[in-house]
């Protein structure tokens, strides 16, 4: 209903989305996952209005949706607190504003983000730095995928801080970045002080 109302306000035609639960017993079988939801520029705000009322939502997959700042930020700001797994991979049109919004999302103690996939989002060292404090102190985050980005040895210092300090992260994927010997050494030293990480991939750097 919120999605339909929002499209009407913006004078765009409603289109099919993943915000449909065909089971009549919504309370017994709440909608928990929205996967592969391609959101066009005219539908980002309506989508955000629809998504915020799904108070049992756990999984949101917006990968490969050609999202820009103006499209993703309204969605991130309206995500329900129930969300646990967020995938915005393979969207490469983000600026620092998106990462600032993500940092606020991760830092929010009312939220329970357990898995964050930022694979192939054109993230660089500066964007990683924006996320640094949030990732260091994220106490619920268990899986972080920042592979296939533009992280260099400068970013390795930040990664080292995250690895050494975060006490909840069990899976960290940083393959296919631009890390060299110096960065690898920094990360290796940090791993020696980590007792929580179970899965770690730094291949193809």
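In my numbering, the protein residues as written are 0 to 204. Yeah, the Cβ is synthetic: ideal placement off N, Cα and C, and Gly gets one too.
Asked, Found
"To the nearest angstrom, how far is the alpha carbon of residue 63 from that of residue 147?", "14 Å"
"Using a Cβ-Cβ cut-off of 8 Å (strictly less than) and excluding sequence neighbours within five positions of residue 68, which residues of its own chain qualify?", "92, 93, 94, 96 and 97"
"Going by Cα to Cα distance, which pick from 167, 162 and 153 is closest to residue 180?", "153"
"Give me, in chain order, the residues of the same chain whose beta-carbon lies closer than 8 Å to that of residue 190; leave out the 5 immediate sequence neighbours on both sides.", "162, 196 and 199"
"If you scan the region 119-143 from start to end, which runs of the alpha helix (DSSP H) of 4 or more residues do you find wholly inside it?", "124-135"
"How about residue 217 and residue 157: are their beta carbons less than 9 Å apart?", "Outside the displayed range of the chain (0 to 204) lies residue 217, so it cannot be described from this structure."
"Closest by CA to residue 186, which one among 155, 165 and 170?", "155"
"Considering Cα atoms alone, identify which of 105, 110 and 112 is closest to residue 131.", "105"
"In terms of residues, what are the limits of the alpha helix (DSSP H) holding residue 101?", "95-106"
"Can you give the Cα-Cα distance for residue 71 and residue 177, rounded to whole angstroms?", "26 Å"
"From 41, 193, 49 and 38, pick the residue whose C-alpha is nearest to that of residue 135; which is it?", "193"
"Report all residues from its chain with a CB closer than 8 Å to the CB of residue 21; omit the five preceding and five following residues, and keep chain order.", "In this prediction, residue 21 has a pLDDT of 41, which is less than 50 and means its spatial position is unreliable; what the coordinates show is noted afterwards. Cβ neighbours of residue 21 beyond the five flanking positions: none."
"Take the Cβ of residue 27 as the centre, count every other Cβ of all protein chains shown within 10 Å, and call the residue buried at 16 or more, exposed below.", "Because the pLDDT at residue 27 is just 44, under 50, the model does not fix this residue reliably, and the value given afterwards should be weighed accordingly. So residue 27 ends up on the exposed side."
"By alpha-carbon positions, which one of 123, 138, 164 and 115 ends up nearest to residue 172?", "115"
"Can you pull the DSSP bridge partners for residue 172?", "144 and 200"
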